[in-house]
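Encoded as structure tokens, the structure appears first; notes follow it.
Number of protein chains: 4
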Amino acid sequence: MMDVGVYRLPMAGPDDVSELAKLIDNGTIRAEEVCAIIAQTEGDGYARGYAAMNFELMLSERLGMSREEVSARIPMLMIGLTGGLMSPHYTVFTRREVDAKPTGEKRLALGIKITRVLKPEEYGTAVQARLVAEAVREAMKEAGIERVEDVCCVEVKCPNLTAARLEDARSRGKKCCRTNFAEAGSKSKGASALGVALGLGEVQDADVTDEAVCSNWALYSNVASTSAGNEQVACKVIVMGNSVNSVSKFKIGNGVMQDTLDIEGAREAFRKAGLRCEHDLPEEERQRIATMFINAGADAMGSIRGRRTTMKSDYLVGYQGIFAKAVINAIVGSLVGDTMILASAGYEHQGPLGANLVACIARAE
Amino acid sequence: MMDVGVYRLPMAGPDDVSELAKLIDNGTIRAEEVCAIIAQTEGDGYARGYAAMNFELMLSERLGMSREEVSARIPMLMIGLTGGLMSPHYTVFTRREVDAKPTGEKRLALGIKITRVLKPEEYGTAVQARLVAEAVREAMKEAGIERVEDVCCVEVKCPNLTAARLEDARSRGKKCCRTNFAEAGSKSKGASALGVALGLGEVQDADVTDEAVCSNWALYSNVASTSAGNEQVACKVIVMGNSVNSVSKFKIGNGVMQDTLDIEGAREAFRKAGLRCEHDLPEEERQRIATMFINAGADAMGSIRGRRTTMKSDYLVGYQGIFAKAVINAIVGSLVGDTMILASAGYEHQGPLGANLVACIARAE
Amino acid sequence: MMDVGVYRLPMAGPDDVSELAKLIDNGTIRAEEVCAIIAQTEGDGYARGYAAMNFELMLSERLGMSREEVSARIPMLMIGLTGGLMSPHYTVFTRREVDAKPTGEKRLALGIKITRVLKPEEYGTAVQARLVAEAVREAMKEAGIERVEDVCCVEVKCPNLTAARLEDARSRGKKCCRTNFAEAGSKSKGASALGVALGLGEVQDADVTDEAVCSNWALYSNVASTSAGNEQVACKVIVMGNSVNSVSKFKIGNGVMQDTLDIEGAREAFRKAGLRCEHDLPEEERQRIATMFINAGADAMGSIRGRRTTMKSDYLVGYQGIFAKAVINAIVGSLVGDTMILASAGYEHQGPLGANLVACIARAE
Amino acid sequence: MMDVGVYRLPMAGPDDVSELAKLIDNGTIRAEEVCAIIAQTEGDGYARGYAAMNFELMLSERLGMSREEVSARIPMLMIGLTGGLMSPHYTVFTRREVDAKPTGEKRLALGIKITRVLKPEEYGTAVQARLVAEAVREAMKEAGIERVEDVCCVEVKCPNLTAARLEDARSRGKKCCRTNFAEAGSKSKGASALGVALGLGEVQDADVTDEAVCSNWALYSNVASTSAGNEQVACKVIVMGNSVNSVSKFKIGNGVMQDTLDIEGAREAFRKAGLRCEHDLPEEERQRIATMFINAGADAMGSIRGRRTTMKSDYLVGYQGIFAKAVINAIVGSLVGDTMILASAGYEHQGPLGANLVACIARAE
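Protein chains in written order, with our numbering: chain Z, 11 to 375; chain V, 11 to 375; chain W, 11 to 375; chain U, 11 to 375.
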């Protein structure tokens, strides 16, 4: 049987990995069992790399391997740019095989797969989507999750187009999907999300075409959260769900907030994670929450419930994603009394336009 | 008896006052009865002046008087800088004497007073606080509000220190409370808020000293929202509360959110405004809300419920106020299903540090 | 003969048009002769509208006509967003017919034309370019400028695509060049600049196609500066050059800085305007400068002379245009000892990519 | 005799130290001789730590010592936040004793000293200034610089106040100079600059008091550039000047630009560094420039030569320092045809208010 551990830890800055070091050094966590880290880092994009470097360095000492080996072994998803009440932190997942009896109910299970290295000209295309779809299916299998309905959250980190990569494609006579890096990054995230949708049967194979990426918004996954990074060369896929093959102390649930004010979508996630939640979440149920991941979508829309917002206007241009994350973090934070909730921005095929995808991991009773 | 009308209207930009023009032109609102306008404008600080100029110009045509006369007659509080889900809009208050029987219950009443012109060296001092306190008491009287407990919201617009005013004080051998304009503005807002507290008996007269302003945070008002502007030379005070002398169709309620996640404080405001609200606010009760004003305080704190935020860190420095407004707007917006809620940032003696003050005006049944 | 006056005036804020009012009121300027205003306003985009409104209002009183009539009569180009050493100000042009003898040399002449109203689907297309080209030729004629070599600066204000205009086009079954407003605005500016190039014979008619706009960067004008605004429905064209038919006290010169460090390009403008400038500009020559306009292009490039800049990187995204303006203003400012120089950002066919176009108006000797 | 080497190297990002690694690995630079690194990093404040970490890690491998030992051995001054034409890069200084004859002229010499660890309550006080003054004198001695007139540039990295340090002081019953971290950081930089001035005899000992720090602007150093960091616990002082005891191939010169447009101040630095520069700097002289450091001061002023700027206004608040650096980098860059010039912002006693301090290191002939 699989056993999955979940540790949500605060960080004092992008360079602070001391809480994890402490848990490893005092024996609470075995470094060999760390299988993924998902962090909400403050600061700009470079702070993501800074945080990853600190994790790699600390773990390379504990694991007795090089930084490169750590990087290849443990997927690290660093989500940068905080604002509002967002609280920098990271969630560490551990995984191990244990000799135990099934609990009789489905528990948190995790599968991790990395696609082959993509060529720059494949970024943002149906090729990328199909590679991700395959990785999702394999990760489900690895996790022992049998039904797609039991998958609650799929995190994907995929490559960004860079000047060097664009040049590489050109030198081989190939064309990339976009020459504008921001647009190309959006397409890469979109293709990854469509790949999740395809892997889980949320869309039809025939619909997943190059043209559909970041264009046919009727296609989407309700559990995908994707982000792109210059440092990535392949797509790293983490599938989270519940499985009878897991004896984890945790369960995961998910919900879709159809718009940013739709708190029933968050409550759906609480309930699916096993929390009692009629209206407000009682204090004892709040205590059971281990960690939460939200994919924010408010920046895709210029209005909400008929009210115009200034998400698309010219002041503070470029900060819409931070605001989208800050407001959903605050709203869901007000439901659980805690803002140490990871919020990632990205609307590309990650739920219907304007929706927020909520995943909640809670201690089983 | 006094009758007070409340109209919350959307604006397409700082220059859009068309909705009010329409209501005046079709006879819904009589221009002579417009007594105050409180707006949430998008854009930067200059957009506040732009919006005010548009209101003045439009009303000067309807009222047959000069822009200057309009400006002197109708206090206009323009709150700028929107973010997240905040929706630019304005609330128009009308007031008139009517020959009517008391309703037997307390209804929305409004009093407006403007202090004498302040000298620059008085900004941010106990002198300013006492002038505001006096204006608050007079405005209460004018509103026919008999008990301080019935005052739910006091909006104050006060002067900012400018280079010219600093120079003026210096030329007369006088010293201003600060030479840094941002700090001086903060002190002006703080003195105004202390003035409200003094006027309503929330603090003792002996405690209101020059030194206490922006220093003794144990002193505060639970209903004050103050903002400062370069264009102001005196303090404009709008007192809102409930009175038996009003036959308005509206009631007002207020509550204190002790921190930004404390949604019970918002529910207290709903209930005091006469809305039925056990847990979630039912759809029919939401429909009764006429307008809402929140004074946001999240930017005063670097953490919330033990979780560190990045409000005080070096990225996006200068935008904390916008984030404070955006997150409280989102949280309360999620309770009422609407983000057309005015949010003003300002922590200086406006509630305990980190608190948010909520006022809700709703149709009486 | 034509006489053209030039007045460069400081503004204390977007709402400050007092210097012009003073010059009109004391008889220095006759309001009827004001033919164009080009301003560098601080603050965000809304401050442009705010400034224009103040000009219109002040002039409507002096001219005894409505704001709308003023707006239709006098083109006002408000260039917003200042940074660094940029100093908010405006240049007022006056024009009148005088009974005078030719000076025997070419002097500053101004022609102003407005195209027909464009349909949204025409924005950013060859249709727009050809309308601008025609307006440029007519404005040259009006200015009495006989040779295209004598045209030194063409300022164009053109329409932006808005949600309402996009919807209008759609409702008539028409397609706009882009659905992203930022990209559509860029195309509108590009089409205008290509139009100037066409009107002045800098490009061939056959090259001006829909596809070429914002795509074939080998096509450009060396004297065009274009900006787009939501409030525009047609293209307003101001052609400035030198003509034997003018008896203005001023001359204009222009130069192309091939990159932002190419100060020889600025010196070329000084010399063409009649200033003595071997190396540094002597103090007495600096005093002869009446006003300057620069079209900045640094934001089009991610490097300069082999050195990588961070213009294209992810920090301060959205502010590249301000930085492009601030650095060229500073560099040229250091040559003339004055930073009250208008800088406008826009690389779309306005000079070769990365170039800065400099126009200098100086008192003739 | 001392030999000092200077290597200016580009960086592709805060994590790119490959150029230095290459020079070490191919034998151009001996790792043991690296004595200081001064970098201009892009990104926000965290990117400074990220860059330092990368340098430490790379050098720890080359030097066979721990990162901590590298950090203690080699002062690394990371100056963050780029804008405009600024080009991320770093300058590596090497130093070694050589058996050589004096050249007969003064050449580049370098002295490095670190003060004792300061207590938080000493930050921003005369105690800090005196410690820096002593370190400056010792570093001069170490560098073999005999006269204060031969000191051209003193870079100081000093500690910032943090929440933990403030708490530490409080727990011991001590008061820090400020509780606002930004203000405390400013005072720390100011005390360091006053310390340089004291060490070089630019100010009198009696004038250096706690009260004078960031208050008496008549006191300043014409060669100091100071910056503060949360990671510092002591003041690191790098003194650069010319000495007969050096046989370096380089000379250093400095100049004071009295305001940001005063290019004669930069030319003074060129000439003192041995470059021929009557008006424009000829191409062959430009080629001799090894590296340049500028301390920018434009953000201290709200106007320049009588022209109002928007440095102190409310748009883009918080970015004045970046603009100050961007504009001086551009202006001096236009003189040398290269923007790979380090610009640091800081007005606190670093030259008269509004001045820019320029240091230029050039190859001797």
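Every residue gets a Cβ at the ideal spot worked out from N, C-alpha and C, and that includes glycine.
Small disclaimer: the values here were computed from a predicted structure and weren't measured.
Can you list, in chain order, the residues of its chain whose CB lies under 7 Å from that of residue i, leaving out five sequence neighbours each side?
i              : result
residue 312(Z) : 318, 319, 321 and 322
residue 291(U) : 280, 285, 345 and 346
residue 92(W)  : 50, 52 and 98
residue 60(U)  : 24 and 25
residue 338(V) : 270, 304, 306, 308, 353 and 366
residue 45(V)  : 84, 103, 104, 105, 120 and 122
residue 229(V) : 204, 207, 213, 217, 222 and 359
residue 283(W) : 261, 262, 263, 370, 371 and 372
residue 355(W) : 306, 309, 331, 334 and 335
residue 80(W)  : 66, 69, 70 and 73
residue 96(U)  : 50, 335, 336, 339, 349 and 353
Whose Cβ in chain U lies nearer than 7 Å to the Cβ of residue i?
i              : result
residue 333(W) : 93, 94 and 336
Below 9 Å on C-beta distance, what does residue i contact in chain W?
i              : result
residue 63(V)  : 25, 60, 63, 64 and 67
residue 289(U) : 288, 289 and 290
Go through its chain and collect everything with a Cβ distance to residue i's Cβ below 6 Å, but skip five positions before and after it.
i              : result
residue 73(W)  : 41
residue 234(W) : 164, 203, 206 and 360
residue 13(V)  : 106, 108, 257 and 258
List, in order along the chain, the chain Z residues whose C-beta lies closer than 8 Å to that of residue i?
i              : result
residue 350(V) : 317
Name, please, each residue of chain W whose Cβ falls closer than 7 Å to the Cβ of residue i.
i              : result
residue 314(U) : 95 and 349
Starting from the beta carbon of residue i, find every residue of chain Z whose beta carbon is closer than 7 Å, and list them in chain order.
i              : result
residue 327(W) : 328
Applying a beta-carbon distance threshold of less than 9 Å, which residues of chain Z neighbour residue i?
i              : result
residue 299(V) : Here the premise fails: no neighbours, minimum Cβ distance about 13 Å.
residue 320(V) : 52, 53, 92, 93, 94, 96, 97 and 98
What in chain W is Cβ-close to residue i, meaning under 8 Å?
i              : result
residue 306(U) : Within chain W, no residue comes near residue 306(U); the closest Cβ sits about 11 Å away, beyond 8 Å.
Quick one: any contact between the stretch 202-210 of chain Z and the stretch 139-158 of chain Z, if contact means 3 or more CB pairs under 8 Å?
-> Yes, since at least three Cβ pairs between the stretch 202-210 of chain Z and the stretch 139-158 of chain Z fall closer than 8 Å, the two stretches touch.
Looking at chain V, which residues of the stretch 31-57 of chain W have a Cβ within less than 8 Å of any of its Cβ atoms?
-> Listed by position along the chain: 52, 53, 54, 55, 56 and 57.
Members of the stretch 15-29 of chain V that neighbour chain Z once the beta carbon cut-off is set at 8 Å = The residues in question are 20 and 22.
Whole alpha helix (DSSP H) elements within the stretch 278-331 of chain U, 4-residue minimum = With a minimum length of 4 residues, the continuous alpha helix (DSSP H) runs that stay inside the stretch 278-331 of chain U are 293-296.
When Cβ atoms are compared, which residues of the stretch 246-279 of chain W fall closer than 7 Å to chain U?
-> The residues in question are 270, 271 and 273.
Are at least three pairs of beta-carbons, each pair with one atom in the stretch 61-80 of chain Z and one in the stretch 28-44 of chain Z, less than 8 Å apart?
-> Segments in contact, yes.
Between the stretch 233-247 of chain U and the stretch 98-115 of chain U, are three or more C-beta pairs nearer than 8 Å?
-> No, they do not touch.
Whole runs of the beta strand (DSSP E) within the stretch 235-265 of chain V, excluding any shorter than 3 residues = If we require 3 residues or more, the beta strand (DSSP E) runs fully inside the stretch 235-265 of chain V come out as 246-253.
Output, in sequence order along the chain, the residues in the stretch 96-108 of chain V whose CB is closer than 9 Å to any CB in chain Z.
-> Per Cβ criterion, the list reads 96, 97, 98 and 99.
Can you check the stretch 177-242 of chain V for any alpha helix (DSSP H) of at least 4 residues that lies completely inside it and give the ranges in chain order?
-> With a minimum length of 4 residues, the continuous alpha helix (DSSP H) runs that stay inside the stretch 177-242 of chain V are 191-209.
Using Cβ-Cβ distances below 8 Å, what residues of the stretch 207-234 of chain Z are close to chain V?
-> Listed in sequence order: no entries.
Which runs of the beta strand (DSSP E) fall wholly inside the stretch 115-186 of chain V and span at least 3 residues, in chain order?
-> For the beta strand (DSSP E) assignment, the uninterrupted runs of no fewer than 3 residues enclosed by the stretch 115-186 of chain V are, from N- to C-terminal side, 117-124 and 161-169.
Using a beta-carbon distance cut-off of less than 8 Å, what residues from the stretch 341-372 of chain W approach chain U?
-> In summary, the residues of the stretch 341-372 of chain W whose CB is separated from some CB of chain U by less than 8 Å are 341, 343, 344, 347, 348, 349 and 350, in the order they occur in the chain.
Go through the stretch 11-70 of chain U residue by residue and report every complete run of the alpha helix (DSSP H) that reaches 4 residues or more, in order.
-> Counting whole runs of 4 or more residues, the stretch 11-70 of chain U contains the alpha helix (DSSP H) stretches 28-35.
What beta strand (DSSP E) runs, 3 residues minimum, are completely inside the stretch 76-106 of chain W?
-> Segments of the beta strand (DSSP E) lying fully in the stretch 76-106 of chain W: 86-89.
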